[in-house]
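Residue numbers (the numbering used here): 452 to 635. Notes follow the structure.
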Amino acid sequence: VLLHGSWHWVFAALVVVAGALLVMAVLALPETLPADHRRPLKIKGIFATYLELLRDVRFVILVLIAALGMSGLFAYIAGASFVLQGRFGLDQTAFALVFGAGAIALIGTTQLNVVLLKRFTPSQIMMWALVAASVFGAVFVAVAAAHVGGLYGFVIPVWAILAAMGLVIPNAPAVALTRHPDAA
């Protein structure tokens, strides 16, 4: 796209791809929820479902866990170049490699999740991943506060947290929705 136009065309291409994916999803993906469990698509029914979900404290906590995981992920994406290039002096290639390694950690554990689900429940996987993320988060804060570790003191805990989020982000909503299968 960039070979034939400005960077604006990247967004136009994304709109076309998103539209094609939407059409394919509507035409090719069948509804999996049995007809007797479906809720009517009416404003009153939608608000009633939201109210039902918001009254379930465990559901809200699980959704917040996933939301906080995603917010941390977006904070990392937004700030990584400033820290890695500005603070640690990585050039574009080194930044791409370090950032890509974090993406591999996240995507890799998301794929590993499929294998783990054959042996463990989503709740078990999520809890262990939250413990791991908390431990590595504490290490990250300690290393940063002590001004030790340099680049490795930054990226290794961050990669570990990203890997843990690859297990938390898909499992938290799955566990939340098991309590409300008709609202899925």
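Using N, Cα and C, we set each Cβ at its ideal position, and we do this for glycine too. For clarity, every value in this text was computed on a predicted model and none was experimentally measured.
By Cβ distance below 6 Å, which residues in the same chain neighbour residue i in space, the five residues on each side in sequence not counted?
i           : result
residue 539 : 602
residue 514 : 627
residue 587 : 608, 611, 612
Taking the C-alpha atoms as reference points, what is the distance between residue i and residue j?
i           : j           : result
residue 577 : residue 568 : 11 Å
residue 591 : residue 597 : 10 Å
residue 463 : residue 502 : 37 Å
residue 481 : residue 473 : 13 Å
residue 529 : residue 554 : 14 Å
residue 606 : residue 484 : 42 Å
residue 535 : residue 600 : 14 Å
residue 488 : residue 512 : 25 Å
residue 634 : residue 572 : 21 Å
residue 557 : residue 550 : 11 Å
Grab me the residues of residue i's own chain with a C-beta within less than 8 Å of its C-beta, minus the 5 sequence neighbours each way, in chain order.
i           : result
residue 517 : 619, 620, 623, 624, 627
residue 559 : 614, 617
residue 470 : none
residue 636 : Residue numbering for the chain in the displayed model covers 452 to 635; residue 636 lies beyond these limits and cannot be assessed.
residue 509 : 627, 630
Do you know whose CA, among the options, lies nearest residue i's CA?
i           : options            : result
residue 520 : 543, 484, 585      : 585
residue 579 : 522, 564, 501, 556 : 564
Can you tell me where the alpha helix (DSSP H) holding residue i begins and where it ends?
i           : result
residue 556 : 543-567
residue 530 : 508-532
residue 601 : 601-629
residue 472 : 459-479
residue 596 : 573-597
Residues in its own chain within less than 7 Å of residue i by CB, not counting five upstream and five downstream?
i           : result
residue 561 : 617, 621
residue 604 : 594
Query raised in the report: Do the segment 606-613 and the segment 523-535 touch if we need at least three Cβ pairs shorter than 8 Å?
Result: At 8 Å Cβ cutoff, the stretches touch.
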